Amino acid sequence: MALPLIKPKESEESHLALLSKIHVSKNWKLPPRLPHRAAQRRKRVHRLHEDYETEENDEELQKKKRQNRDAQRAYRERKNNKLQVLEETIESLSKVVKNYETKLNRLQNELQAKESENHALKQKLETLTLKQASVPAQDPILQNLIENFKPMKAIPIKYNTAIKRHQHSTELPSSVKCGFCNDNTTCVCKELETDHRKSDDGVATEQKDMSMPHAECNNKDNPNGLCSNCTNIDKSCIDIRSIIH
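Each residue of the sequence shown is one higher than the one before, counting from 1 in UniProt numbering.
Structural data, given as C-alpha cells:
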C-alpha cells in the first residue's frame, strides 16, 4: 500500500503570487455597482404610500364633494321657499294696499259731501240769524209760559163769600181820620172816604145782580136764591148778561 505524498502547506504569499501570475484568455467587464437601489426601493415604498394616501384623499374629497352638493341643494331649496314666502307676502300686502286705497277714496268722497253739506248749513244758519235779528226779540219768560201753558179745570166760584170777603178787607172804620182835618175843612182823607163809600155801593149792587137767579133756576125757594147749578161754571143758572151790564 502506497502512502500519499504529503506536501508542505503553501503559504498565503505564495498563493497570492500564483494568482497574480494567472492570465485569463478573455477580458471580463463586471457591471458597475448600483448604489441607488435602496433609494429606488425607498422611492417605490414611498410611491405606494402616496398612492394609498391618494386613495384616502380621494375618498375624503368625494365625501366633501357630496357634502357640498347636499349643502348647495339645501341652500337652493331654502332660497326657493323663502322666495315663495316673500311672493305670497307681497301679494297679500298688495291686496291690503288696494283695500286701503279703496277705503281712502270712499272716505274722501264722504268728507267732500259732508263739507259741502256743512257749508250749506252754515249759509242757511246765517240767513236765519239775519231774519231773527230783523224780528224784535220776544221776552223769554213769556215765551216759556206760552210753550209750557197747560189749561186748568174750571173752579166753581162762591160769589157771596168772595164779595163779603172783599167788603170786609176793603172796609175802613169811619172814625179813622188823618188828625189834621175837621168837619168844616176839606182834606184828602175825606175824599178817600167818599170814594170808598161809592165803591162799596157799586159792589153791593153787583152782588145783588149776581145773586139774582136765572129764570131757569131749579131752586128758587132757597134763602140765598141759588141752586146747586149756580155754583157750577159750566151749568150756572146766573144770568151772565146781568153781570156784564
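Where a beta carbon is used, it is the ideal one built from N, C-alpha and C, also for glycine. These figures come from a predicted structure and were not determined experimentally.
- Across the structure, Arg73 and Lys95 are spaced so that their CA atoms are roughly 33 Å apart.
- Within the model, the alpha-carbon separation for Asn118 versus Asn99 is close to 28 Å.
- Per DSSP, the continuous alpha helix (DSSP H) segment holding Leu145 begins and ends at Pro140 to Glu147.
- Under the three-state reduction of DSSP, Leu104 is assigned to helix.
- Counting only residues of its own chain and dropping the five nearest sequence neighbours on each side, Leu83 has no CB closer than 7 Å to any other CB.
- When only Cα atoms are considered, Thr102 and Leu121 end up about 29 Å apart.
- Distance between Glu191 and Glu147, taken at the CA atoms: about 46 Å.
- Looking at the backbone, the Cα of Leu48 and that of Asn81 are separated by about 49 Å.
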